[in-house]
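See structure below.
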Amino acid sequence: MPDRPLSPATVAVTAGRPPRAPDAPLNAPMVLTSTYHAPGEVGYGRYGNPTWSAFEEVLGGLEGGPAVAFASGTAAVDAVLRLVPAGGRIVASRHLYAGSTLLLDELDGGSAVEVQRLDVTDTDGLTAAARGADLVWLESPTNPLLDEAELPRIAAACREHATLLAVDNTFATPLLQRPLELGADIVVHSATKYLSGHSDVLLGAVVTREDPLAARFRQYRSSRGAVPGPVETWLALRGLRTLHLRIERAQTNARELAARLGAHAAVTRVRYPGYGGIVSIEVTGGAAAADAVVAALQVWVHATSLGGVESSLERRRRWAFESADVPESLLRLSVGVEDVEDLWDDLAQALGAASPPGSSDA
Ligand SMILES: *Cc1c(COP(=O)(O)O)cnc(C)c1O
316 MPDRPLSPAT VAVTAGRPPR APDAPLNAPM VLTSTYHAPG EVGYGRYGNP TWSAFEEVLG
376 GLEGGPAVAF ASGTAAVDAV LRLVPAGGRI VASRHLYAGS TLLLDELDGG SAVEVQRLDV
436 TDTDGLTAAA RGADLVWLES PTNPLLDEAE LPRIAAACRE HATLLAVDNT FATPLLQRPL
496 ELGADIVVHS ATKYLSGHSD VLLGAVVTRE DPLAARFRQY RSSRGAVPGP VETWLALRGL
556 RTLHLRIERA QTNARELAAR LGAHAAVTRV RYPGYGGIVS IEVTGGAAAA DAVVAALQVW
616 VHATSLGGVE SSLERRRRWA FESADVPESL LRLSVGVEDV EDLWDDLAQA LGAASPPGSS
676 DA
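As numbered in the working numbering, residues 316 to 677 make up the sequence shown, in order.
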């Protein structure tokens, strides 16, 4: 064994497996049970499941702290926001996954929690607002504008003011960004996306720096019943085994496509943070032209969500709840692991069909 921590690729493959013993299975079993023989420490299916534990061991190993699986990313987000007591204050990035914004609006309106919204790039504003706040809630990169937070500086300010810092790491994954190492207290995932990677499950997770906080999340999961299904958790665990390969390929594809899209006449803006598999583009001709691009694609899938092996895209403003700061013609691309030339050819023909050379721009 090397005298150093295993690299993420090795953790993804080797963690969360049963102990090595003759005829022991290599893989964590999918444990379908609602209850356990008494007396025991777990007792009932809402309090624990060995398949959850296996998934949590892998994700916790990748992020660097104890992980707690939840029924969905949204259930995980909700569990973190509910840490804040009535009368408390949350500082949040202005642009977030729409579901997180809805939860924050609900808290803001209903239970006397004050929510303060700032641009994720406004480091001075965020570090000042962290003083006296209970929680700073960030996404970096943000969805779908791909703005980035200066996490180390924000984390240092949160530490100084004893304010919890939570980062939704769904877009970056622990392969590309480990917020706990950068100073955050809590990491949240929609494991529905890259961690599972095959667009076939809904699952979420919270990862914390320390155990007392993780225990609070386990308690919350048990008492609220925000529990994942063992089948979903097992599928996500299976997906995690290839996370590094999928991310590597998606990123290579995304980099190449971002560069080519930047030089395309029908594309007015490309947002790409330089890593990861999400690229947001704006096209000439507004919403109608963007919709025409989507309709003309044959390899790319028109669907919401992201992080699957298949390349997908959508015009985010087709959703009434999407922020008005997101341009009407913005298409969010989730680049998959297909052959990059096939992806490019499909995009190029769709962009050409929507805005033929010589046509005038709306
Ligand atoms: C999808 C998503 C969520 C919500 O996760 P679900 O699994 O759909 O409940 C939260 N945050 C981000 C960044 C997401 O992309």
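Idealized CB from N, CA, C, for every residue including glycine.
Length of the line joining the Cα atoms of residue 649 and residue 633:
Taking the straight line from one Cα to the other gives about 16 Å.
What span of residues does the alpha helix (DSSP H) with residue 664 cover, start to end?
655-669
Which one of 382, 391 and 364 has the shortest CA to CA distance from residue 351?
364
Give the secondary structure of residue 559 by DSSP, where H, G and I count as helix, E and B as strand, and everything else as coil.
In the structure shown, residue 559 sits in a helix (DSSP, three-state: H, G or I).
Between residue 483 and ligand 1, is the CB less than 7 Å from at least one heavy atom?
Yes, ligand 1 has a heavy atom inside 7 Å of this Cβ.
Can you determine whether any heavy atom of ligand 1 sits closer than 7 Å to the C-beta of residue 519, and answer yes or no?
yes
Exposure of residue 589, with buried meaning 16 or more beta-carbon neighbours within 10 Å
exposed
Could you tell me which of 325, 660 and 441 sits nearest to residue 614, measuring between CA atoms?
660
State the Cα-Cα distance for the pair residue 469 and residue 611, rounded to the nearest angstrom.
43 Å
Around the C-beta of residue 636, are 16 or more other C-beta atoms found within 10 angstroms, so that it is buried, or is it exposed?
exposed
For residue 410 versus residue 457, is the C-beta spacing smaller than 8 Å?
yes
So does the region 395-405 actually touch the region 370-378, counting three or more Cβ pairs closer than 8 Å?
The region 395-405, when compared against the region 370-378, does not touch it at the 8 Å Cβ threshold.
For residue 592: DSSP bridge partner residues:
Its beta-bridge partners do not exist; DSSP assigns none.
Taking the beta carbon of residue 519 as the centre, do at least 16 other beta carbons fall within 10 Å, making it buried, or is it exposed?
buried
Residue 394 to residue 537 span [Cα, whole Å]
Their Cα atoms are separated by approximately 11 Å.
CB of residue 350 to nearest heavy atom of ligand 1: below 7 Å?
no
According to DSSP, simplified to helix, strand and coil, what is residue 429?
strand
Is any heavy atom in ligand 1 found nearer than 7 Å to the beta carbon of residue 537?
no
Would you call the CB atoms of residue 541 and residue 390 closer than 8 Å?
It is a contact, given that the beta carbons lie within the stated cut-off.
Cα separation between residue 675 and residue 629?
For residue 675, the predicted structure reports a pLDDT of 46, less than 50, and the residue's modelled location is therefore unreliable. A value from the coordinates is still provided. Distance between the alpha carbons of residue 675 and residue 629: 24 Å.
Count the other CB atoms within 10 Å of the CB of residue 359; is the residue buried (16 or more) or exposed (fewer)?
exposed
Which of the three DSSP states, helix, strand or coil, is assigned to residue 331?
coil
In three-state DSSP terms, what is residue 520?
strand
Can you tell me whether DSSP reads residue 397 as helix, strand or coil?
Correct three-state label for residue 397: coil.
Between residue 323 and residue 494, how many whole angstroms is the CB-CB distance? I'm expecting something under 8 Å.
At roughly 14 Å, the Cβ-Cβ gap does not stay under 8 Å, so residue 323 and residue 494 are not in contact.
In angstroms with no decimal places, state the Cα-to-Cα distance between residue 499 and residue 345.
32 Å
Per-residue DSSP class, three states only, for residue 582
strand
Cut-off 7 Å between Cβ atoms - residues of its own chain near residue 367, not counting five sequence neighbours on either side:
Once the five neighbours on either side are set aside, the close Cβ partners of residue 367 are 384, 543 and 548.
Nearest-angstrom Cα separation, counted from residue 578 out to residue 664:
Here the C-alpha atom of residue 664 lies approximately 15 Å from the C-alpha atom of residue 578.
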